Amino acid sequence: MAFYRGMGGPQQMMMPPPQPRPWSKAEDKVFEAALVTFPEHVPNRWLYVAAQLPGRTPQEAWEHYQALVADIDLIERGLVEAPDSWDEDSAGGGGGGRGAEAGAPRSAAEACPGARRSTVPFSRLFLEGLERYGRGDWRNISRWSVKTRTPTQVASHAQKYFIRQASAASRGDTKRKSIHDITTA
Numbered sequence: 008m009a010f011y012r013g014m015g016g017p018q019q020m021m022m023p024p025p026q027p028r029p030w031s032k033a034e035d036k037v038f039e040a041a042l043v044t045f046p047e048h049v050p051n052r053w054l055y056v057a058a059q060l061p062g063r064t065p066q067e068a069w070e071h072y073q074a075l076v077a078d079i080d081l082i083e084r085g086l087v088e089a090p091d092s093w094d095e096d097s098a099g100g101g102g103g104g105r106g107a108e109a110g111a112p113r114s115a116a117e118a119c120p121g122a123r124r125s126t127v128p129f130s131r132l133f134l135e136g137l138e139r140y141g142r143g144d145w146r147n148i149s150r151w152s153v154k155t156r157t158p159t160q161v162a163s164h165a166q167k168y169f170i171r172q173a174s175a176a177s178r179g180d181t182k183r184k185s186i187h188d189i190t191t192a
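Counting the sequence shown from 1 gives a position; the numbering used here is that position plus 7.
Next comes the structure, spelled out in structure tokens:
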């Protein structure tokens with residue numbers, strides 16, 4: 008849109024800022040690999056990350072990273088549902104896969120619907136992760152302590168665990184015990 012800048016000044020063509028183009032699945036995969044290759048402490052990190060992505064600028068890479076950090080924060084605070092991961096190897100090439108195949112079971116308990124999942128090891132690993140990483144760091148607890156659960160699943164378990172811990176004091180010992188009542192010794 009053309010307009011005059013100031014009174015009697017020359018006519019200048021002001022272009023609206025370019026709209027960011029969407030990131031493809033392939034670009035996201037290369038971006039994620041570049042983030043691992045060039046960690047936070049690397050000087051000129053965004054220059055190196057952008058070099059891995061033809062047609063992307065360091066500014067675009069940084070803005071994409073900031074958007075991802077904001078999304079992760081919303082997910083960890085439970086304000087939005089965690090999206091299915093994109094996996095080009097999944098059946099049909101679409102998103103939503105959790106492994107080599109879309110809908111692939113994450114554990115033996117999911118593979119055999121009648122099988123009962125063992126929650127005692129999970130609960131102990133959860134408590135160890137909670138002690139190590141603190142309340143609210145579900146991503147690290149999931150990544151390093153309870154590797155069989157997603158951060159969302161760990162957060163859900165934590166919510167139930169803390170509710171039970173809070174109600175344990177008020178209810179006395181009149182109700183039956185639960186696996187969620189385990190405390191570290």
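The beta carbon of each residue, even a glycine, is placed where N, CA and C say it ideally should be.
Computed from a prediction, not measured in an experiment: that's the story for all the values here.
- Around the beta carbon of Pro-46, fewer than 16 other beta carbons sit within 10 angstroms, so the residue counts as exposed.
- Using a 10 angstroms sphere on the CB of His-48, the tally of other CB atoms stays under 16, which defines it as exposed.
- For the segment 31-72, the continuous alpha helix (DSSP H) assignments of 4+ residues that do not extend past its boundaries occur at 32-44 and 52-58, in sequence order.
- DSSP places Arg-139 in the helix class (H, G or I) of the three-state scheme.
- In this structure, Glu-83 lies near Ala-162, with their beta-carbon atoms less than 9 Å apart.
- Secondary structure of Gln-172 (DSSP, three-state): helix.
- Closest in C-alpha terms to Ala-165, from the list Glu-39, Leu-137, Pro-27 and Glu-70, comes Leu-137.
- Between the C-alpha atoms of Glu-39 and Arg-52 there is a straight-line separation of about 13 Å.
- Per the coordinates, the alpha-carbon of Asp-78 lies some 15 Å from the alpha-carbon of Trp-145.
- Nearest to Lys-32 by C-alpha distance, out of Leu-60, Tyr-140 and Ser-177, is Leu-60.
- One alpha carbon belongs to Thr-44, the other to Val-37, and they sit about 10 Å apart.
- Cα atoms of Asp-80 and Pro-158: separation of roughly 12 Å, rounded to the nearest angstrom.
- Between Phe-129 and Val-153, the beta carbon gap of about 6 Å places them in contact (Cβ cut-off 8 Å).
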